[in-house]
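Structure first, then comments.
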Amino acid sequence: MKNFFLKLGVCALALTGAAEALAQEQVIQLFAHRGSRFEYDENTLPAFKASYDAGLRGFETDIRMTRDGELVISHDETLARLTPCKRVVETMTADEIRKVKTNQGNDLIFLPELVDFFADKDNVYIEFEMKTKPVESYPEERLREYCEKVYNTVMAKKPANSLYLFTSSDKRALKMMRSLHPDVDLLLIISKPICEETILEAIDMGIKRLGCRIEGTSKAMVDLAHKAGLYVSLWPGQSPEEFMRGAYLGADALNSDRAVEVKNWLDKNAPWIKYK
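Counting with mature numbering (1 follows the signal peptide of the UniProt record, and there is no 0), you get residues -23 to -1, 1 to 253 for the letters of the sequence shown.
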């Protein structure tokens, strides 16, 4: 029944002429959230390899810093959700983290390993989310060290035609990154819909890319964001239906926890939609 209504919606989109408009005006960046976490082992090297091999060219990941100053890929503050270990990442050394495996048996990876994987893969889009909360774990000098290390590690091996963005919901991290590297590409994450408030927050920070929740976002507000010169990234995405909704809203980028499923569905059912 779910697939029936999705196909019905696609037909309606095509018949109204919206499909033609999408094909002409939009090339949407589809990206695999944490390596497409509902299809593969979240934020692990096998996840990024599998989603890349499946044809994805957009990705998102999360970076934290160990007690001894190494950069590890982890969304959560603790390792409890994905591993048998219950400890807080920032209280552990890199060697301690290297002894931990995920519940699916994969190694936790460090940022240099992920950067190395993408070093020979041009024309890739990656959002590197700076996970610098709680604030107590990243006081100013540690935050400075973190931002410098993240930037230098990521940019050292960036292919010429790839787009690497540094993103965060922590305005301190974005401000620190900009103070250290004024020309850096930043994206502000706000856990609210695109609206006048969130648009103004991005404008006030001088940031041209905004990542907001798809729930509650209207096409009128996305249009307003575009008129303000903002690039719009919407989340979360867990199905082809949500991708189609984001496409209708006019998003520039859409994340997905099932990015391979979405890609395959688009190729089969909505070939007029251009994505990368």
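Don't be surprised by glycine CBs; every beta carbon is placed ideally from N, CA and C.
CB contact flag (proline 170, cysteine 189, <9 Å):
Locating residue 170 in the sequence shown gives position 193, where the first residue counts as 1. Locating residue 189 in the sequence shown gives position 212, where the first residue counts as 1. Going by C-beta atoms, proline 170 is nearer than 9 Å to cysteine 189.
Can you tell me whether proline 116 is buried or exposed, with buried defined as 16 or more other CB within 10 angstroms of its CB?
Along the sequence shown, one-based indexing puts residue 116 at 139. Exposed is the call here.
Which one of Glu37, Leu22, Glu173 and Glu19 has the shortest CA to CA distance from tyrosine 102?
Taking the first residue of the sequence shown as 1, we reach residue 102 at position 125. Nearest to tyrosine 102 by alpha-carbon distance, out of Glu37, Leu22, Glu173 and Glu19, is Glu37.
Taking DSSP as the reference, what is the three-state secondary structure of valine 127?
Along the sequence shown, read from residue 1 onward, the residue named residue 127 stands at position 150. Secondary structure of valine 127 (DSSP, three-state): helix.
Residues in its own chain within less than 8 Å of aspartate 139 by CB, not counting five upstream and five downstream?
Taking the sequence shown and counting its residues from 1, the one referred to as residue 139 is at position 162. Per the sequence shown, the amino acid found at residue 139 is serine instead of aspartate. Closer than 8 Å at Cβ, skipping near neighbours: Phe95, Lys98, Asp99, Asn100, Val101, Tyr102 and Ile103.
Cα separation between glutamine 3 and leucine 33?
Reading the sequence shown from its first residue, position 26 is the one you call residue 3. Reading the sequence shown from its first residue, position 56 is the one you call residue 33. Approximately 18 Å, taken between the alpha carbons.
Any contact of the region 53 to 62 with the region 115 to 131, i.e. 3+ C-beta pairs under 8 Å?
The way I'd put it, the region 53 to 62 doesn't touch the region 115 to 131; fewer than three beta-carbon pairs between them come closer than 8 Å.
Entirely enclosed beta strand (DSSP E) segments - the region 209 to 243, minimum 3 residues
As far as the region 209 to 243 is concerned, its whole beta strand (DSSP E) runs of at least 3 residues are 230 to 233.
To the nearest whole angstrom, what separates the beta carbons of glycine 227 and glycine 214, a pair I think is in contact under 8 Å?
As a first step, residue 227 must be located in the sequence shown, where it is residue number 250. As a first step, residue 214 must be located in the sequence shown, where it is residue number 237. Not really, about 15 Å apart at Cβ, beyond 8 Å.
Any beta carbon from chain D within less than 9 Å of histidine 203's own beta carbon?
Among the chains of the structure shown, chain D does not appear; only one protein chain is present.
Do you know offhand how far valine 112's Cα is from threonine 43's?
For the purposes of this step, residue 112 is taken as residue 135 along the sequence shown, with counting starting at 1. For the purposes of this step, residue 43 is taken as residue 66 along the sequence shown, with counting starting at 1. Looking at the two C-alpha atoms, the distance is approximately 15 Å.
Which two residues bound the contiguous alpha helix (DSSP H) that contains glutamate 174?
Here residue 174 is taken as the residue at index 197 of the sequence shown, counted from 1. 173 to 182 is the span of the alpha helix (DSSP H), which, as asked, contains glutamate 174.
With H, G and I counted as helix, E and B as strand and the rest as coil, what does DSSP make of threonine 68?
The residue you call residue 68 lines up with position 91 of the sequence shown. Three-state result, threonine 68: helix.
Closer than 8 Å by C-beta to leucine 165: which residues in its own chain qualify, once you throw out the five before and the five after it? Chain order, please.
Mapped onto the sequence shown, residue 165 falls at position 188. Answer for leucine 165: Thr144, Ser145, Ser146, Lys148, Leu151, Glu178, Ala179, Met182, Ile184, Arg186, Leu187 and Gly188, listed in chain order.
Where does alanine 137 land, buried or exposed, given buried means 16+ other C-beta within 10 angstroms?
The residue you call residue 137 lines up with position 160 of the sequence shown. By the 10 Å Cβ count, alanine 137 comes out exposed.
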